[in-house]
Structures are given as structure tokens and as C-alpha cells.
Amino acid sequence: MTMETQTSTTPPRVMGLYDAPMWQLLKETGKLHLQCCSDCGTWRYPPGPACQACLSPGSEWKPVSGGGELLSWIVFHKQYLPAYPAPYNVIAVRLDEGPTVISNLIGDPRDERPVGRRVKLAVAAMEDGVALPRFELAE
Amino acid sequence: MSKRNRVAAVVGVGHTDWVGDWKRVRAGERPDDCYGYAAGAFRNALADAEMTRDQIDGLIVGPTTAYERMAEVLNMNVRWGDQADAVLSVAQACMAIETGMADVVALVYGNDQRSVGTQYGGPQAMGGDMFLSYVYHAPWGMTSQGALYALMFQRFAELYGVSERDLGHVAVAQREGSSLNPNAIQRKRITIDDYMAAPYITEPLRLFDYCLINDGGVALIIAEAEMARKLSRKPVYIEAIGRYDLNAGATSLEPRLTDFYRPAQQAVAEQIFGQSGLDPSDIDVLQVYDSFSVHVPLALEGYGYCKVGESGKFMREQGIGLAGRLPTNTSGGHLSESYMQGWNHQIECVRQARGECGDRQIGNCRRVHYTSDVAGKAVSIIYGA
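Read top to bottom, the protein sequences are chains A and B. Here the first sequence is numbered in the numbering used here, starting from 1 and rising by one per residue. Here the second sequence is numbered in the numbering used here, starting from 1 and rising by one per residue.
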């Protein structure tokens, strides 16, 4: 269940007014950048118009460490999206900066029972040129 | 605080022929559209209430039909109207009655989701315009309602030692109820071994953890309490209503994954048991919105029917079947009776409280607790005879 071989065309990304910089910066720098509140420093995901801590509209795009804790995992046994034949996994990760993100684990979570394990970012280059933030177990 | 106690009562319930329409849709027919199903259910609710349409002065329609068109089809001019999901329709009817905006409110719901092929996952997943989490994670292959609950259950199971076999008790218990319910679509009883032998859809959830998708309609008529006593021989009162929403971090599923919606359910438990002067031991039947089986153990813990982390043990040892400590989703629920998005649970609450459930009737049923936790909105109603 390697993640590299499973995607041809990446399923559509939500592209609202605030979404593009994360994808562009990831592709250009290889690092995951998220909005960080310019007033109180709280990290924001998904991108949006106001800080959830202080409601400030101001933010800067800053790189995150890429480290986090795996909260949960699932394995799809049914195909829903043309780009993702089953089986494949989806995980939830709480980044060290605070936000939770949904992603994929490189490797098979069924072998590892990885709830609570440390993970680190591993950017995948999709066939259609999209850089996708994924994770691997850190130790 | 206790104002919502017995302000209003249900005086009529109705539904369409779920089983007959299921067979017709499977045979390639389109028996009706969402408006037609709603109208059919409404006719049955009027007959059940022994009322006529002109006695009704308020109308609430479900989210699957447009308010204006639904009201036009039913040919109803009313002095108060709205659109809401199942449990919030009941809440809003009570608020309209309490504030004098209406005296008798019809609640109507119709859904042609099976015959028109409504998708709850994949490229055409419905609801993405309202709930960002339904579509936001598609680049990673994350799609479908079931996957959200699978992710929730996996962490829950890991933290508290609840097993997949434990979860199987939900599907097994609800098939016991549906096997005795002539309105239910899936009536064949299953065992825990049958449950475990069924394929995973999104691991750790299996086939029997998922709800049906079928066409149909449901309607209720709710009247101000004093009028209800005159109108109905068996009014079923709304004893309490509570709601608490967890919206922070919703797209990233944080309220699901950190505390499994428990803080919202605990806040609602305080509201409903406080308003009614009841506690969980006073509840005879529990009805839980069960798009997926996972809702049930989370509700058992969140509302204090068992301790946190002990829902697996509770289902295994105390039981949620018809003869169990807390009979739950006695009609078969969404998993086995009909997927009417919480609406069929409302009429099962009423029928259990009236004592009209035939072979699946729970003896001496006086109070029924309905709860849902759709998209972080924990809402509960206590119905009482």
C-alpha cells in the first residue's frame, strides 16, 4: 500500500480566496506553510479570514516544523474517487504548532497500530504536478 | 430554564411505505419525488391525528425540499413556517408554539435520495457547500460520511479498548428490533459473527455499520399542550429539548477526534435532565441518529448511560436490544428500518411512548430520549407519555 503509486490526477482541491498560498509555497519550497496570526501567533488551518483565537484578520505564511502526533487512521476498502483505488489509508495528524490536518501515511498503518505515534512531513510529488503534504512515522 | 418542559405534544405521526418503495426503486421505478413522499406522509399523519389540514397554522419542512414549493404542494397558507432537520424541526415547532407564533405545526419530510442517486461520498458528495470537511480533504482521498466516523471510532477504540466486536452489538441489536417491525426494510436477524464476516467499507467500519439509503417520507403534527389534550387521546409530550454545538476545528475533525463530541453531549445532558427533573435511569428507550453504528456507543457515554470508556462493556453485558438494560433504536433505526435522516426516529419515539409498537414494544415505556450529533450539533429531546 504505497502512497506514491495510487494517484494519477489529484482529486480537486478546495480553492477559496485564502487557499492558494499553502499549495504554492509547498511546491516551491518543499515545506508546509500555514497562516500564522500576526497579532497573537496562533496557527490557522484550514486557511481563512480570521484568527480563531483573537479574530484578527492579519496573518503571515510561515513554515511549520513538519512534526506531529498521529491521532487516528483508516483504510478505505471501497473506491470512491477515480484517483484512489482501494486499499489506501487516510490519517489525522495534530501538528506540533496546534492545527489538525488530514493526510496519508506513507506505509501501511495496519502493520503499525500507529495511534499516538510521532510522524514527520514527507511531501509527495503527484503525477499531475501537485505537491501533497503526507507523513511518515518519525521513529 | 424549564420553560420547554411540556409546552407542546405530538398528536399525529405518519410515514410512507418504505418497504414497498424500496422494492420498486430497486426494480428501477421512481415511485415518487421528495415532495410526493412528504405529501404521502402528511396525509398519514393527518389521518393518525384525526385532523384536517385547516386546523394547522404552522409548517416546517425538512432540508430536502424547498419550503415554498412544499407548502404550495400541500396547499397550505400558514402564519409561521421554516425549514430544518428532524430534531431541530421539533425544537423550532416548540419555540413557535411557546412564543405564540403558531398553535399547531406540521413537520413534513420527503427524500428521493435512492431513486435520484444522491451521493454521500466521492466526486459528487452532497453537503460540501455547507460542511467544508465533506470535500476539503479529497486531495488525500478522504471522502464519505462513513470515513469521518471510521476515523472517529478508530481513535476511540484505541484509547478505550472498545473492540470491533463490541461495536457489532449495535447492528445486531437493531436487527432484532427491525425483525419485529413490519415497516423495516432489512428484517433478517444477524449475529456478531455475521457482523464480523461482512466486508470492511472503511476500516474499522464494516457493511453493517452503515445506514441504508432509501426513498420515503415522514410527518408529525405538534400542538400546544392544552390543545393537544383536547385533540388527541394519546398526546406525547416534549419533556425537554437541549442543544450544544462544537464548531471550532470542525473542518479538521477536531471535535470528533479529541473528545468524540462528549463535551457537547454532556452539556445537553445537563439541559434535558435539568429541565425535566429526570436522570438517565428514568429513560425507558433510547433513540440515536445512526447514520453509522458509531453514534450509539458515543451517545451512551456522552449522556451518562454508562461511564466514559465503558460503552463496549455496557453493550456486551447490559445490552441495548429489546430485552437489554437500555433498548436502543428499537425500530431498527437508519441501519435497518429506513434512512429518514432522524425523522423515523421521532415517530418511533412517539409510538413507543404511546405503546403502539406491537412485537417490538418496550413494556411500560413512559419516556424516550432521542439524540443526534450530526456535524457537531448535539441535540436531544425527551418524549414522554
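Note that CB positions come from ideal geometry on N, CA and C, so glycine has one too.
Cα-Cα separation, B:G358 to A:W23: To locate residue 358 of chain B, count along the second sequence from 1; it is residue 358. To locate residue 23 of chain A, count along the first sequence from 1; it is residue 23. In a straight line, the C-alpha of B:G358 is about 59 Å away from that of A:W23.
Would you tell me roughly how many angstroms separate the C-alpha atoms of B:L107 and A:G67, rounded to the nearest one? Residue 107 of chain B sits at position 107 when you count from the first residue of the second sequence. Residue 67 of chain A sits at position 67 when you count from the first residue of the first sequence. Cα to Cα, B:L107 sits roughly 50 Å from A:G67.
N-terminal and C-terminal residue of the alpha helix (DSSP H) that B:S338 is part of: Position 338 of the second sequence holds residue 338 of chain B. Segment: none, B:S338 is in no alpha helix (DSSP H) and carries neither H nor E.
Enumerate in chain order the residues of its own chain whose CB-to-CB distance from B:G58 is below 6 Å, with the five nearest sequence positions on each side excluded. Here residue 58 of chain B corresponds to residue number 58 of the second sequence, with the count starting at 1. Only V78, W80, A96, A102 and V105 meet the Cβ criterion.
C-alpha distance - A:S56 paired with A:C40, whole-angstrom precision: For the purposes of this step, residue 56 of chain A is taken as the residue at position 56 of the first sequence. For the purposes of this step, residue 40 of chain A is taken as the residue at position 40 of the first sequence. So the alpha carbons of these two residues sit roughly 8 Å apart.
Closer than 7 Å between beta carbons: that is the criterion. Which residues of the segment 6–28 of chain A meet it against chain B? T10, P11, P12, R13 and V14
Any residues in the segment 94–106 of chain A with a beta carbon nearer than 9 Å to a beta carbon of chain D? Which ones, in chain order? Protein chains A and B are contained in the structure displayed, whereas chain D is not.
Taking the alpha-carbon of B:I190 as reference, which of B:V379, B:S336 and B:R30 has the nearest alpha-carbon? Here residue 190 of chain B corresponds to residue number 190 of the second sequence, with the count starting at 1. Closest by alpha carbon: B:S336.
So who's on the other strand from A:D61, going by DSSP bridges? Sequence index remark: in the first sequence, residue 61 of chain A carries index 61 (1-based). Strictly speaking, residue 61 of chain A in this sequence is Trp, with Asp absent from that position. Beta-bridge pairing links A:W61 to A:Q35.
Could you give the uninterrupted runs of the beta strand (DSSP E) lying entirely in the segment 154–236 of chain B, keeping only those of 3 residues or more? 200–203 and 216–224
Verify the CB distance criterion: does A:S59 have a CB-CB separation below 8 Å to chain B? Locating residue 59 of chain A in the first sequence gives position 59, where the first residue counts as 1. It does not; no Cβ of chain B falls within 8 Å.
Pair every Cβ in the segment 130–141 of chain B with every Cβ in the segment 278–290 of chain B, then say whether three or more of these pairs are closer than 8 Å. no
Give the DSSP bridge partners of A:L70, in chain order. Numbered from its first residue, the first sequence carries residue 70 of chain A at position 70. DSSP output for A:L70 lists A:V93 as bridge partner(s).
Answer with yes or no whether the minimum CB distance from B:R30 to chain A is below 8 Å. Taking the first residue of the second sequence as position 1, residue 30 of chain B is located at position 30. Judged by the 8 Å Cβ criterion, B:R30 is not in contact with chain A.
Can you give me the Cβ contacts of B:T251 inside the same chain, cut-off strictly under 7 Å, excluding the 5 residues immediately before and after it? Mapped onto the second sequence, residue 251 of chain B falls at position 251. Cβ neighbours of B:T251 beyond the five flanking positions: L132, S133 and Y136.
Rounded to the nearest angstrom, what separates B:D193 and B:W343 at their Cα positions? Position 193 of the second sequence, counted from the first residue, corresponds to residue 193 of chain B. Position 343 of the second sequence, counted from the first residue, corresponds to residue 343 of chain B. Roughly 30 Å separates the two Cα atoms.
Under 8 Å between the Cβ atoms of B:E176 and B:G363? Your numbering for residue 176 of chain B matches position 176 in the second sequence. Your numbering for residue 363 of chain B matches position 363 in the second sequence. Not a contact, by the Cβ cut-off of 8 Å.
Among B:G242, B:L148, B:A184 and B:P182, nearest to B:I201 - alpha-carbon criterion: Numbered from its first residue, the second sequence carries residue 201 of chain B at position 201. Among B:G242, B:L148, B:A184 and B:P182, the Cα nearest to that of B:I201 belongs to B:L148.
From the beta carbon of B:L298, is the nearest beta carbon of chain A less than 8 Å away? For the purposes of this step, residue 298 of chain B is identified with residue 298 of the second sequence, where counting begins at 1. No, no contact with chain A.
Taking the straight line between their C-alpha atoms, what separation do you get for B:M340 and B:H334? One-based indexing of the second sequence puts residue 340 of chain B at position 340. One-based indexing of the second sequence puts residue 334 of chain B at position 334. Spanning the two alpha carbons is a distance of roughly 7 Å.
Measuring only the C-alpha atoms, how far is A:T7 from A:D19? Walking along the first sequence from the start, residue 7 of chain A turns up at place 7. Walking along the first sequence from the start, residue 19 of chain A turns up at place 19. Residue placement at A:T7 is poorly supported in this model, since its pLDDT is 47, which falls under 50; the coordinates still yield a value, given next. Distance between the alpha carbons of A:T7 and A:D19 is about 21 Å.
Could you tell me which uninterrupted alpha helix (DSSP H) segments, each at least 4 residues in length, are contained entirely in the segment 343–381 of chain B, listed from first to last along the chain? 343–354
Quick one: does A:W43 have its CB under 8 Å from some CB of chain B? Position 43 of the first sequence holds residue 43 of chain A. Not closer than 8 Å to any Cβ of chain B, the Cβ of A:W43 fails to qualify, so no.
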